[in-house]
Ligand SMILES: Nc1ncnc2c1ncn2[C@@H]1O[C@H](COP(=O)(O)OP(=O)(O)OP(=O)(O)O)[C@@H](O)[C@H]1O
Ligand SMILES: [Mg+2]
């Protein structure tokens, strides 16, 4: 469970978020919508504690932005999968190593890592590319590898910031469906996007942001 | 798997920055050989000085008519001078014997009477062997009745005290500057490595990587540079020492002592500097470079 209580974020020249209150339940799939600069990335960065609220608090499972330490951020991030628009794979490492990284960091055995990574790559249809360098993949493939890296550690939530932003429509659909499939297996997903076409018929919970605020339900319907 | 990955990253780092790494190793090698060489010389000077101090003696010669009762008084007075560590009585007969051993000639063959006076050989405590203290002690001894003459070689002590400090200060400064230089060169390669890996470090942080995991490859890189630099320094020293030894044999027919321990000293010092320089700088470089702005 993730809970924002009266959260504001001040950036040097602008306001990132203004007095946001919102909850994300376990196993829930939430789409965060809104135009450029509306605060979607800011919302997600608060969850993996890349930034802190200027006022208010963010609670993520047992961790609170009020009393988090570097050591605890490390623990928190081991329980969160993060997917970015620009994939953030390490290009000179193989697909296997990229997906294995979270498990290597956590100190799992080679045997466990091999089994787990192969199973996930099989699941996303990239087992054949396991030895390839990540930099040689297509964009759609890179994003699937990034998602594999996010789920490999069995996180309770996956944060996806515009995961389809750099992808063609076909790959976008594949990636979106992959995230929904992962969600069906019990992992919460919070996905920020302004790809309205992609999600327009999705039955998932939608949150609309504008100018650093979350719009009320009625406003969403009015806008839709 | 963790250690395997860390090692792999370290090797990768070293290989990608091989030119600066080689430059650093050469710099470390040369600096370390000078450093260890100077330390070696400084140590030799120091131990020579200590030896001289340890062997420093004051000879006091007694007047010929000194009785054993007077000697007892003299000894009691010597006991009261607390700078004195020990003294040894040398009778006229002992003196003749020493003379015989040194010159191979028996004075009784030449003279009927033994002309050598009886004397005391006095040793001071090592830390008391300084020009002023020695003079002071000698003055006190001189006041004792029955003493004919005092002899000691203060000139060597004076010389030593004049130059010892200067030698140590110069040596120490050179060593300090060299340590600083090695530190800077190692830090520089670590800086380059962290900079070129900044994106990767940032990603690892997002994945929940701990400090040790992030830092280890760079510390291994520093250790590697230090150890190989140390090996290089040891090789330089080995050749220098051979040359010095041959010169010494040629000029003075004197064989310098074995210096195998210089190998382990160079490598150990190199390794320590490598780990020190990298581990104290890597945090800072990670903080500076691994940000969300690539
Ligand atoms: N690091 C930063 N420094 C200063 N201002 C920032 C920073 N990051 C974001 N902002 C500002 O905060 C506001 C919200 O930005 P945010 O990136 O959260 O929006 P977004 O909804 O993710 O936009 P996009 O769709 O373009 O990704 C914007 O006005 C932006 O200019
Ligand atoms: Mg954004």
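Residue numbers (our numbering), protein chains in the order written: chain D, 595 to 818; chain L, 54 to 347. We put the beta carbon where it would ideally sit given N, CA and C, even for glycine.
Straight-line CA distance for residue 291 of chain L to residue 69 of chain L? Residue 291 of chain L and residue 69 of chain L: Cα-Cα distance of roughly 31 Å.
Alpha carbon to alpha carbon, how far is residue 152 of chain L from residue 175 of chain L? Rounded to the nearest angstrom, the gap between the Cα atoms of residue 152 of chain L and residue 175 of chain L is 19 Å.
Cβ closer than 9 Å: which chain L residues qualify as neighbours of residue 682 of chain D? 252, 255, 256 and 259, listed in chain order.
Determine, for residue 666 of chain D, whether the minimum Cβ-Cβ distance to residues of chain L falls below 8 Å. For residue 666 of chain D, no CB of chain L lies under 8 Å from its own CB, so it is not counted at the interface with that chain.
Among residues of its own chain, excluding the 5 on either side of residue 577 of chain D, which ones have a beta-carbon nearer than 6 Å to its beta-carbon? Here chain D has residues from 595 to 818 only, and residue 577 of chain D is not among them.
What residue does the alpha helix (DSSP H) around residue 785 of chain D start on, and which one ends it? Segment 782–787 is the beta strand (DSSP E) holding residue 785 of chain D; no alpha helix (DSSP H) there.
Give me the Cα-Cα distance between residue 812 of chain D and residue 644 of chain D, rounded to the nearest whole angstrom. Annotation note: pLDDT 49 at residue 812 of chain D (below 50); position unreliable, coordinate value reported separately. Taking the CA atoms as reference points, residue 812 of chain D sits about 32 Å from residue 644 of chain D.
Selected residue, minimal CA-CA separation from residue 105 of chain L, among L:90, L:146 and L:177: In this structure, L:177 is the residue among L:90, L:146 and L:177 with its C-alpha nearest to the C-alpha of residue 105 of chain L.
Which first and last residues belong to the alpha helix (DSSP H) in which residue 6 of chain L is found? Because residue 6 of chain L is not part of the residues shown, which for chain L are 54 to 347, the question remains open.
Say whether the stretch 268–284 of chain L touches the stretch 709–728 of chain D, bearing in mind that this needs 3 or more beta-carbon pairs closer than 8 Å, one atom from each stretch. Touching, no, given that fewer than three Cβ pairs across the two stretches are closer than 8 Å.
Going by DSSP, what residue range makes up the beta strand (DSSP E) through residue 617 of chain D? Where residue 617 of chain D is concerned, the enclosing beta strand (DSSP E) stretches over 609–618.
Segments assigned beta strand (DSSP E), at least 3 residues, entirely inside the stretch 109–193 of chain L: Listed in chain order, they are 110–115, 137–143 and 172–177.
Kindly provide the ranges of any alpha helix (DSSP H) runs that are 4 or more residues long and lie completely inside the stretch 636–703 of chain D, ordered along the chain. Runs of the alpha helix (DSSP H) inside the stretch 636–703 of chain D: 664–671 and 689–699.
Does the beta carbon of residue 342 of chain L come closer than 8 Å to any beta carbon on chain D? The beta carbon of residue 342 of chain L sits no closer than 8 Å to any beta carbon of chain D.
Determine the chain D residues that contact residue 58 of chain L at a beta-carbon separation under 7 Å, and present them in chain order. Going along chain D in sequence order, the residues near residue 58 of chain L (Cβ under 7 Å) are 698.
Range of the contiguous alpha helix (DSSP H) that encloses residue 223 of chain L: Unbroken alpha helix (DSSP H) run through residue 223 of chain L: 207–249.
Determine the closest residue to residue 780 of chain D out of D:614, D:677 and D:621, with distance taken between C-alpha atoms. The alpha carbon of residue 780 of chain D has as its nearest neighbour, out of D:614, D:677 and D:621, the alpha carbon of D:621.
Residues bridged to residue 597 of chain D [DSSP beta-bridge criterion]: Answer is D:617 and D:653.
Looking at residue 746 of chain D and residue 708 of chain D, is the spacing between their C-beta atoms short of 8 Å? No; because the gap between Cβ atoms is not below 8 Å, this pair is not in contact.
List the residues of chain D whose Cβ lies closer than 9 Å to the Cβ of residue 82 of chain L, in chain order. Those do not exist, as residue 82 of chain L stays about 30 Å from chain D at its closest Cβ, beyond 9 Å.
Assigned secondary structure, residue 627 of chain D (DSSP; H/G/I helix, E/B strand, else coil): Strand.
Tell me, please, whether the CB atom of residue 269 of chain L is closer than 8 Å to any CB atom in chain D? By this cut-off, residue 269 of chain L is not an interface position.
Should residue 755 of chain D go down as buried or exposed, given a rule of 16 or more other Cβ atoms within 10 Å for buried? With 16 or more Cβ atoms within 10 Å of its Cβ, residue 755 of chain D is classed as buried.
Give the C-beta separation of residue 699 of chain D and residue 728 of chain D to the nearest angstrom, bearing in mind that I take them to be a contact with Cβ-Cβ under 8 Å. The Cβ separation is near 17 Å, so there is no contact.
List the endpoints of the continuous beta strand (DSSP E) containing residue 751 of chain D. Here the beta strand (DSSP E) through residue 751 of chain D covers 751–755.
So for residue 746 of chain D, helix, strand or coil by DSSP? DSSP places residue 746 of chain D in coil when its eight states are reduced to three.
Can you list the residues of chain L that residue 701 of chain D reaches, using a CB-CB cut of under 7 Å? Residues of chain L passing the Cβ test: 55.
Using three-state DSSP, classify residue 202 of chain L as helix, strand or coil. Looking at residue 202 of chain L - three-state DSSP - the assignment turns out to be strand.
Rounded to the nearest angstrom, how far is the Cβ of residue 123 of chain L from that of residue 199 of chain L, given a contact under 8 Å? Confirmed, Cβ separation roughly 5 Å.
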